[in-house]
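Each remark here refers to the structure printed beneath this line.
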Amino acid sequence: MSRLKFIAKSFFFILILISCTTSQDQSNKFDEQIRIIDVESWLNMMPGGPGSFHIIGKYECSDTADCSANLNNIKIYSDSVLIYDLQKDNFTIEKQIEQDIKKISYSFYTQPGIKLNDKIQSTEKVDVKLIFNFNDVTIEKNVNDLVLTRAY
Numbered sequence: 467m468s469r470l471k472f473i474a475k476s477f478f479f480i481l482i483l484i485s486c487t488t489s490q491d492q493s494n495k496f497d498e499q500i501r502i503i504d505v506e507s508w509l510n511m512m513p514g515g516p517g518s519f520h521i522i523g524k525y526e527c528s529d530t531a532d533c534s535a536n537l538n539n540i541k542i543y544s545d546s547v548l549i550y551d552l553q554k555d556n557f558t559i560e561k562q563i564e565q566d567i568k569k570i571s572y573s574f575y576t577q578p579g580i581k582l583n584d585k586i587q588s589t590e591k592v593d594v595k596l597i598f599n600f601n602d603v604t605i606e607k608n609v610n611d612l613v614l615t616r617a618y
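Just so you know, we're using the working numbering here: the sequence shown kicks off at 467 and counts up by one.
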């Protein structure tokens, strides 16, 4: 009887190990399909109103027939400290279709009015983490050392 329990437990362990490996392979596959084309960020410090933070960018998927990668979250860091955690209601995504070359890309930009805080005002470069949901798998793409320009 104990041999049967050992076989059952071994089978269960192998099943868990295989499912974790398959999940990691699937995550890598989706990660490779999302390509970040461009990301820019700046501080609007024009006189006459409160300053604001802005970020824009563009990404595309290699599977243009069925790109189900949804940008859900944008995190902005400086020296590994989280400065902004932007949710979907803080930015807009627009789908762009280039008919002649059959390419689909997505542009994103923040909504106006993201207020400046003390940390962002003294920062020269930021790290950006774009968090996607791709077929129920979370994919994170990093853009590091992005120069933070200022508009006066």
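Cβ atoms here follow ideal geometry from the backbone N, Cα and C, with glycine treated the same way.
Quick one: Cα of residue i to Cα of residue j, how far?
i, j, result
"Cys527", "Ser507", "22 Å"
"Thr487", "Asn601", "At Thr487 the pLDDT is 47, less than 50, meaning the model places this residue with poor confidence and gives no usable figure here."
"Glu590", "Gln565", "39 Å"
"Ile542", "Ile597", "11 Å"
"Ile677", "Arg501", "One cannot answer for residue 677 here, as it falls past the ends of the chain, which runs 467 to 618."
"Gly515", "Ile549", "21 Å"
"Gln562", "Ser573", "7 Å"
"Val547", "Thr615", "19 Å"
"Ser489", "Asp497", "Caution is warranted here: a pLDDT of 48 is assigned to Ser489, below 50, making its placement in the model unreliable, and no coordinate value can be reported."
"Tyr618", "Lys495", "43 Å"
"Lys524", "Ile559", "9 Å"
"Asp593", "Leu612", "6 Å"
"Met512", "Leu552", "23 Å"
"Gln499", "Asn536", "12 Å"
"Ile567", "Asn556", "31 Å"
Note the first and the last residue of the continuous alpha helix (DSSP H) segment covering residue i.
i, result
"Gln587", "Asp584 to Gln587"
Would you mind stating whether residue i and residue j have Cβ atoms separated by less than 9 Å?
i, j, result
"Ile570", "Ser544", "no"
"Asn599", "Asn538", "yes"
"Ser534", "Leu582", "no"
Per the DSSP calculation, residue i is bridged to which residue(s)?
i, result
"Asp504", "Lys524"
"Ser544", "Val547"
"Asn608", "Lys595"
"Asn539", "Gln553 and Ile597"
"Ser518", "Asn510 and Lys581"
Could you give the first and the last residue of the continuous beta strand (DSSP E) run that contains residue i?
i, result
"Ser573", "Lys569 to Thr576"
"Glu560", "Phe557 to Glu564"
Pairing CB atoms from the stretch 574-588 with CB atoms from the stretch 601-610, are three or more of them under 8 Å? no
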